[in-house]
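So for the sequence shown, numbering that gives the first Met the number 0 puts the first residue at 0; every next one is plus one. Report on one structure; see the data block that follows.
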Amino acid sequence: MERTELNRQMAQLLFPHITKTPADYEVIYPPRNLPQGAKVTRIAPSPTGFMHFGNLYGALIDERLAHQSGGVFYLRIENTDAKREVEGAVDVILTSLNAFGLKFDEGATAGEDKGNYGPYRQRDRAEIYQTIAKDLVERGLAYPCFCTEEDLQQLHDRQEAEGANFGYYGKWAVHREITPDEAKALMDEGKPYVVRFRSPGVDGNRIKYKDLAKGEIEMPENCNDIVLLKSDGIPTYHFAHVVDDHFMRTTHVVRGEEWLSTFPYHLQMFDVIGWEKPAYVHTAHMLKFDEGSKRKLSKRKDPEARLTYYLQQGYPADCVIEYLMTVLNSNFEEWRRKNPEADLNEFPFKAEKMGIAGAVFDIDKLNDISKNLICKMSGEEVYEATAKWAKEYNPEFYALLTRDEAYSKAILSIGRGGKKPRKDFTVWSDVPDYMAFFFDETFTTDYPFPENMPKEDILRVLKEYPAQYYDANDDQQTWFEKVKKLTEAMGYAVDMKAYKADPTAFPGSVADISAVLRVAVTGRTASPDTFAVMSILGKETVLDRLEKAANAL
Ligand code: GLU
Numbered sequence: 000m001e002r003t004e005l006n007r008q009m010a011q012l013l014f015p016h017i018t019k020t021p022a023d024y025e026v027i028y029p030p031r032n033l034p035q036g037a038k039v040t041r042i043a044p045s046p047t048g049f050m051h052f053g054n055l056y057g058a059l060i061d062e063r064l065a066h067q068s069g070g071v072f073y074l075r076i077e078n079t080d081a082k083r084e085v086e087g088a089v090d091v092i093l094t095s096l097n098a099f100g101l102k103f104d105e106g107a108t109a110g111e112d113k114g115n116y117g118p119y120r121q122r123d124r125a126e127i128y129q130t131i132a133k134d135l136v137e138r139g140l141a142y143p144c145f146c147t148e149e150d151l152q153q154l155h156d157r158q159e160a161e162g163a164n165f166g167y168y169g170k171w172a173v174h175r176e177i178t179p180d181e182a183k184a185l186m187d188e189g190k191p192y193v194v195r196f197r198s199p200g201v202d203g204n205r206i207k208y209k210d211l212a213k214g215e216i217e218m219p220e221n222c223n224d225i226v227l228l229k230s231d232g233i234p235t236y237h238f239a240h241v242v243d244d245h246f247m248r249t250t251h252v253v254r255g256e257e258w259l260s261t262f263p264y265h266l267q268m269f270d271v272i273g274w275e276k277p278a279y280v281h282t283a284h285m286l287k288f289d290e291g292s293k294r295k296l297s298k299r300k301d302p303e304a305r306l307t308y309y310l311q312q313g314y315p316a317d318c319v320i321e322y323l324m325t326v327l328n329s330n331f332e333e334w335r336r337k338n339p340e341a342d343l344n345e346f347p348f349k350a351e352k353m354g355i356a357g358a359v360f361d362i363d364k365l366n367d368i369s370k371n372l373i374c375k376m377s378g379e380e381v382y383e384a385t386a387k388w389a390k391e392y393n394p395e396f397y398a399l400l401t402r403d404e405a406y407s408k409a410i411l412s413i414g415r416g417g418k419k420p421r422k423d424f425t426v427w428s429d430v431p432d433y434m435a436f437f438f439d440e441t442f443t444t445d446y447p448f449p450e451n452m453p454k455e456d457i458l459r460v461l462k463e464y465p466a467q468y469y470d471a472n473d474d475q476q477t478w479f480e481k482v483k484k485l486t487e488a489m490g491y492a493v494d495m496k497a498y499k500a501d502p503t504a505f506p507g508s509v510a511d512i513s514a515v516l517r518v519a520v521t522g523r524t525a526s527p528d529t530f531a532v533m534s535i536l537g538k539e540t541v542l543d544r545l546e547k548a549a550n551a552l
């Protein structure tokens with residue numbers, strides 16, 4: 000019988016239920032109608048419920064490439080492995096990326112898919128993969144393989160004994176020439192099978208490819224008859240990637256460099272099927288310094304590997320993105336120096352400017368960026384962002400924070416707006432502790448008073464200050480004059496220079512007297528300016544706290 004007829008019979012035997020052809024899908028998913036140069040990108044995570052920091056890194060590249068070019072950024076869910084799927088995982092993906100300002104134009108959503116190139120969940124695309132597989136079988140480019148796990152293990156052992164390369168190829172590919180009759184007999188016996196690609200690769204051949212991030216790369220050509228469809232008719236990553244990115248009309252595939260080793264499969268499949276290849280951007284892993292050497296950011300060991308970590312800590316989304324830009328594009332920092340106020344989205348991101356080596360994750364740098372950004376925000380902005388964070392991650396604090404909005408905003412406005420703004424916050428989760436003493440519920444009374452002061456002196460400050468000096472209507476200068484007056488009255492040094500020149504001449508200084516007041520009203524040795532604190536706490540609370548402190552001595 001003619002080879003073509005045998006192939007046709009085989010295709011019909013394996014896929015009797017498939018009635019469409021690849022040409023039908025070309026019509027269903029036509030080339031996108033986008034302006035010249037517009038890029039179509041996607042992320043394709045597995046719905047495991049875990050989002051790695053690297054997912055954001057990749058997604059940001061995708062998003063920038065698409066949205067800077069007037070293209071499309073979409074979400075595809077790689078759920079071919081049902082065992083790894085976790086309920087609600089799509090929601091986690093969407094909410095965590097949305098929280099960083101990355102928005103999809105199309106793809107899977109928590110509800111229905113959105114867009115004309117779906118379905119966007121791979122398990123719902125079985126018919127499409129099978130249509131392509133059927134066509135490949137018909138063209139003699141794919142065949143069923145009935146090898147069991149044990150058969151493959153034996154094959155591996157024999158290859159090891161002979162010193163041959165491992166894999167299913169050439170003379171080792173035992174089902175390469177299987178006939179439809181033989182296949183049918185095995186199917187009738189209920190034997191499971193996979194569908195394999197008939198690789199045209201030649202051992203020893205090398206291929207070259209220009210990756211947008213890595214530059215020119217050279218790799219051995221693929222000779223393996225890799226699996227396209229598993230025994231349940233669900234595709235492998237390799238086949239699904241090729242089929243999906245073709246029919247979803249992806250122009251740029253951004254993915255981790257762990258896919259470089261199987262990249263020759265993908266290039267070969269595009270060529271053999273006869274489809275145009277997308278451009279590829281293989282991204283380096285995020286590394287971290289650990290005991291002097293670099294290693295991959297580990298999901299198991301490093302809390303900062305988890306994307307939700309940044310949300311729980313309350314990093315402003317902009318900072319994380321800004322930080323990632325410094326890692327992604329070597330010219331970003333120079334651009335930022337020249338455009339300190341510009342919107343991040345104005346930076347012309349280029350895949351070609353990405354580093355080839357692994358990007359070292361530097362949390363100190365992220366923290367610096369965050370501190371510097373937050374210190375430029377107004378009290379109002381800090382309030383809004385903190386409230387948004389607290390509502391989700393610290394509801395108890397949220398209740399205190401929002402109980403009296405004006406009060407909280409006044410607190411958060413202390414020391415802002417000047418030339419040298421206070422840098423109290425790196426993340427929103429720093430705010431609850433900073434504000435704790437402003438609320439009676441979280442005010443602590445361990446009173447770390449200056450140790451060099453005798454108890455009677457401390458008590459004198461706590462009694463005399465409210466009785467003779469404190470006036471809630473005083474301005475800052477008058478307030479301080481009064482503290483100095485009390486200092487003088489107690490024989491403590493008002494002039495710090497004189498005190499430093501001869502500390503033994505005084506029992507202490509104005510700094511000690513101020514410290515007593517600070518500790519009494521805040522419960523701490525370090526706090527924002529005591530005058531500002533007292534003004535916000537208000538007369539009643541100040542008097543009450545001074546009295547409480549005196550009673551506690
Ligand atoms: N599910 C794959 C991964 O998470 C997708 C790779 C790709 O983007 O093609 O690594």
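For each residue, glycine too, the CB sits at the ideal point set by N, CA and C.
Exposure of residue i, with buried meaning 16 or more beta-carbon neighbours within 10 Å
i: E149; result: exposed
i: M495; result: exposed
i: D187; result: exposed
i: R2; result: exposed
i: S95; result: buried
i: D470; result: exposed
i: A172; result: buried
i: L151; result: exposed
i: P465; result: buried
Which listed residue (the options) has its alpha carbon closest to that of residue i
i: F479; options: T443, A514 and D456; result: A514
i: V85; options: S45, D367 and V271; result: S45
i: A409; options: K419, Y382 and K390; result: Y382
i: P234; options: W171, K133 and T18; result: K133
i: F348; options: L211, P302 and G232; result: L211
i: K287; options: D61, Y279, L296 and V280; result: L296
i: F192; options: N54, F145, K183 and A350; result: It is worth fixing the name first, because residue 192 is Tyr in this sequence and not Phe. Answer by Cα proximity: F145.
i: M452; options: A405, R421 and I512; result: I512
i: R335; options: C318, A350 and A10; result: C318
i: D224; options: F52, V493 and M268; result: M268
i: P302; options: Y469, F52 and S428; result: F52
i: Y433; options: K19, Y167, P527 and E105; result: P527
i: L64; options: G36, N32, T178 and L13; result: G36
i: T325; options: M50, L59 and L96; result: L59
Contact belief for residue i with residue j at Cβ below 8 Å, rounded distance in angstroms
i: T441; j: A435; result: 4 Å
i: T529; j: R517; result: 5 Å
i: R197; j: R175; result: 7 Å
i: R553; j: R75; result: Here the chain has residues from 0 to 552 only, and residue 553 is not among them.
i: T249; j: V39; result: 5 Å
Under the three-state DSSP convention, the category residue i falls into
i: A109; result: coil
i: V194; result: strand
i: E215; result: strand
i: D61; result: helix
i: V359; result: strand
i: H240; result: helix
i: T282; result: strand
i: D210; result: strand
i: T307; result: helix
i: K295; result: strand
i: K287; result: strand
i: G203; result: coil
i: R544; result: helix
Alpha carbon of residue i to alpha carbon of residue j, nearest angstrom
i: G417; j: P263; result: 58 Å
i: Q121; j: P315; result: 33 Å
i: K190; j: Y142; result: 15 Å
i: E539; j: K462; result: 15 Å
i: D202; j: H284; result: 30 Å
i: T524; j: R305; result: 35 Å
i: G110; j: G117; result: 13 Å
i: H281; j: N78; result: 22 Å
i: D112; j: F246; result: 16 Å
i: E351; j: N54; result: 19 Å
i: K375; j: K422; result: 9 Å
i: L327; j: A125; result: 36 Å
i: P277; j: G214; result: 15 Å
i: I320; j: G100; result: 9 Å
i: M353; j: G106; result: 27 Å
i: A639; j: R254; result: No statement about residue 639 is possible, as the shown extent of the chain runs from 0 to 552 and does not include it.
i: A389; j: E379; result: 15 Å
i: E395; j: P431; result: 10 Å
CB contact check: residue i to chain D, cutoff 8 Å
i: I127; result: The question asks about chain D, but that chain is absent: this structure has only one protein chain.
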